[in-house]
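**Q**
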Amino acid sequence: MTQDLTQELTLLKKKLARETDARKQAENLLETKAFELYEVNETLTNSIRKAKNNSSRLNAIMNSIPDGIITTDKDLNMLDINNAAEKFLKNSRIRLMKNSLLPYVCPDQTNAYQDLCNKAINDGISGIEEFDFKITEDEIIATEVKISVFEHDDEYFLLHLIHDITRKKERAQEHKQLQEELAQSAKWEAVGQLAGGIAHEINTPSQYIGDNLHFLNESLAQIFTLLHNALILKKQSAADGKYADLNQKLDQLIKEYDLAYLIEEVPEAVKQSSNGIKQISRIVGAMKNFSHPGAKDKEPFNINSSLETTLTVSRNEWKNVAEIVKNFDENLIPVNCIPGAINQVFLNLIVNATHAIAEKSSEMGKITITTRNSADGIDIYFKDTGCGIAPEHQKDIFNPFFTTKEVGKGSGQGLSIIRDIIVNKHKGTIDFQTTPGQGTTFHIHLPEHPKEGTSSC
Ligand SMILES: Nc1ncnc2c1ncn2[C@@H]1O[C@H](COP(=O)(O)OP(=O)(O)OP(=O)(O)O)[C@@H](O)[C@H]1O
Ligand SMILES: [Mg+2]
């Protein structure tokens, strides 16, 4: 019995020792595993921190790019939108998310946009193409778009890089306008030189024709006095019954050559010719003034006489279309300006007024030109009784190349050049009032001493 108990005790002790051993081992294992777990956890936390860092850096990079970047799925539903794209589409990321990008492309270009996406899907990346995005009903933005494809989690996504080219297009347009203006002014200069040359050529013969006509006029007066006296003598000798044959012969000749008619008409013809040559000299003088290359810098300039010159050279444009009423202030102060440029402004306004009157009807209209002194310079008004400007055109008339005239009659550059000359080069202002069907008045204000570096309109 005692032996059995001893044996059982020994067994129990052994079992206890084994179990104690096993527990120790388990505890050691647990400790090792807990440590491993801690390490894994640490690594994981670090990785998550790093991933978060990377993602926020990537976001910061995406958002600092000035071009719009949008990722979409293959159906063009928007998934990621950077700040620039949010601003460009004028909508928040939350609202844009999951919406299709396609409705933002101008309707007539959606097929082409889809083609560009397909090209990117096939080749991995597309070329750069221009698209107009319709942001609101009235706002269309010109862009350059490039699309690339990337794969994530076995799915394909499209990355749309959208570059706003509005400024680039404006600059190209400005450049084109500048070139047109240069070409135009070169043409004006050439025509001006030619006209100046012709005026000079006409001037010399007109001067001696004028001098000769003056001489003829005076000489004819003497010849007529002589003739008058000779006829008195003839009359006396006839009354005395002398030289009857000679008198008869003379009467015959007087009748034959219609002396009475010649005495009446010849001085009149000479007078008319003198007036004609004076008119030619005035036109030639105006042409010489108008076409003179003149100063390129500002100088004190008499606007009334510039208007007179311009009216003389453009007479052929308006004489059968409109009567000109000159409402000039005789005490108009001279203003500092570039004479050639200002002449060009007046010519364009007179031609525009003439065209507007001719467009309204075939009846004679009226162009009233008024000059007035003002507080800091002068005001000039060109009032016409023409067709007026339609409301829908009023905002466009100063835009380069805007014209309502048929090809060959207008190129739409007159008013844009005028505005440049008045506003930019002379720091003045130009505005207009119009009543469709009744007429238009253009008002120009020129400061006496334009200040450099400021402009107003
Ligand atoms: N006095 C006016 N009355 C009515 N419409 C005018 C008048 N002046 C200008 N316009 C309108 O403004 C448009 C632009 O004028 P602008 O002088 O710039 O160009 P254009 O006369 O058409 O061509 P260009 O001057 O280059 O020969 C004209 O086509 C016309 O529709
Ligand atoms: Mg014009």
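If you read the sequence shown in the working numbering, its first letter stands for residue 4, the second for the next number, and so on.
C-beta: ideal position from N, C-alpha, C; glycine also.
For T406 versus S414, is the C-beta distance shorter than 8 angstroms?
**A** yes
**Q** Name the one or two DSSP bridge partners that I434 has.
**A** Rather than Ile, the amino acid found at residue 434 in this sequence is Asp. Per DSSP, H446.
**Q** DSSP state of K329, grouped into three classes?
**A** Correct three-state label for K329: strand.
**Q** According to the neighbour-count rule (16 or more other Cβ atoms, all chains shown, within 10 Å of its Cβ), is G456 buried or exposed?
**A** Unreliable positioning characterises G456 in this predicted model, as indicated by a pLDDT of 46, which lies under 50. The coordinate reading is nonetheless provided below. Classification of G456: exposed, given that the 10 Å Cβ count is below 16.
**Q** Within 10 angstroms of its Cβ, does I143 collect 16 or more other Cβ (buried), or is it exposed?
**A** exposed
**Q** Which full runs of the beta strand (DSSP E) of 3+ residues lie inside the segment 38-115, going along the chain?
**A** Entirely contained in the segment 38-115, the beta strand (DSSP E) runs reaching 3 residues are, in chain order, 71-75 and 81-84.
**Q** Quick one: grab the DSSP three-state call for T406.
**A** coil
**Q** Out of C109, K369 and H203, which has the shortest C-alpha to C-alpha gap to E140?
**A** C109
**Q** Here's a check: name, in chain order, each residue in its chain whose Cβ is nearer than 6 angstroms to the Cβ of L352, leaving out the five neighbours to either side.
**A** Excluding residues within five positions, the ones whose Cβ falls inside 6 angstroms are F385 and F445.
**Q** So, using beta-carbon positions, are T373 and N330 closer together than 8 angstroms?
**A** yes
**Q** Among F136, E183 and I201, which has the Cα closest to the Cα of I165?
**A** F136
**Q** Across which residues does DSSP place I128 in a beta bridge pair?
**A** S151
**Q** Consult DSSP for A233 and reduce its assignment to one of helix, strand or coil.
**A** helix
**Q** Buried or exposed: which applies to V338, given that a residue is buried once 16 or more other Cβ atoms fall within 10 Å of its Cβ?
**A** buried
**Q** Between which two residues does the alpha helix (DSSP H) harbouring T371 extend?
**A** T371 -> not in any alpha helix (DSSP H); beta strand (DSSP E) instead, spanning G368 to N376.
**Q** What is the rounded straight-line gap between the Cα of F435 and the Cα of A361?
**A** 19 angstroms
**Q** With DSSP as the reference, identify every bridge partner of V287, one or two as the case may be.
**A** None; V287 has no bridge partner.
**Q** Can you tell me the Cα-Cα spacing of Q441 and G391, whole angstroms?
**A** 6 angstroms
**Q** Where DSSP assigns a beta bridge to K386, which residues make up the other side?
**A** T371 and T444
**Q** Taking the alpha helix (DSSP H) that P342 falls in, what are its first and last residues?
**A** P342 to K363
**Q** Rounded to a whole number of angstroms, what is the C-alpha to C-alpha distance between M367 and H452?
**A** 38 angstroms
**Q** According to DSSP, simplified to helix, strand and coil, what is N220?
**A** helix
**Q** When every heavy atom of ligand 1 is checked, does at least one fall within less than 7 angstroms of the C-beta of D387?
**A** Yes, Cβ of D387 sits closer than 7 angstroms to a heavy atom of ligand 1.
**Q** Please list, in chain order, all residues with a C-beta atom less than 5 angstroms from at least one heavy atom of ligand 1.
**A** N355, A356, A359, G389, I392, I400, T406, T407, K408, G413, S414, G415, Q416, G417, L418 and T443
**Q** Which word fits P69, buried or exposed, when buried means at least 16 other C-beta atoms lie within 10 angstroms of its C-beta?
**A** exposed
**Q** List the endpoints of the continuous alpha helix (DSSP H) containing D248.
**A** Here the alpha helix (DSSP H) through D248 covers A247 to E259.
**Q** Please report how far the alpha carbon of N62 lies from the alpha carbon of N85, in whole angstroms.
**A** One C-alpha to the other measures close to 8 angstroms.
**Q** Where does F227 sit, in a helix, a strand or coil, going by DSSP?
**A** helix
**Q** How about the segment 155-172 and the segment 64-78: do they share at least three Cβ pairs that are nearer than 8 angstroms?
**A** yes
**Q** Per DSSP, what kind of secondary structure is D423 in: helix, strand or coil?
**A** helix
**Q** For N351, verify whether its CB is less than 7 angstroms away from any heavy atom of ligand 2.
**A** yes
**Q** Cβ atoms of L119 and I138: under 8 angstroms apart, would you say?
**A** Using a Cβ distance threshold of 8 angstroms, I138 and L119 do not count as a contacting pair.
**Q** May I ask you to list the residues that DSSP assigns as paired with P303?
**A** N339
**Q** Which residue marks the beginning of the beta strand (DSSP E) containing E158, and which one marks its end?
**A** E158 to D167
**Q** Would you tell me roughly how many angstroms separate the C-alpha atoms of A175 and E147, rounded to the nearest one?
**A** Roughly 15 angstroms between the two C-alpha positions.
**Q** Do you know offhand how far N376's Cα is from C340's?
**A** 15 angstroms
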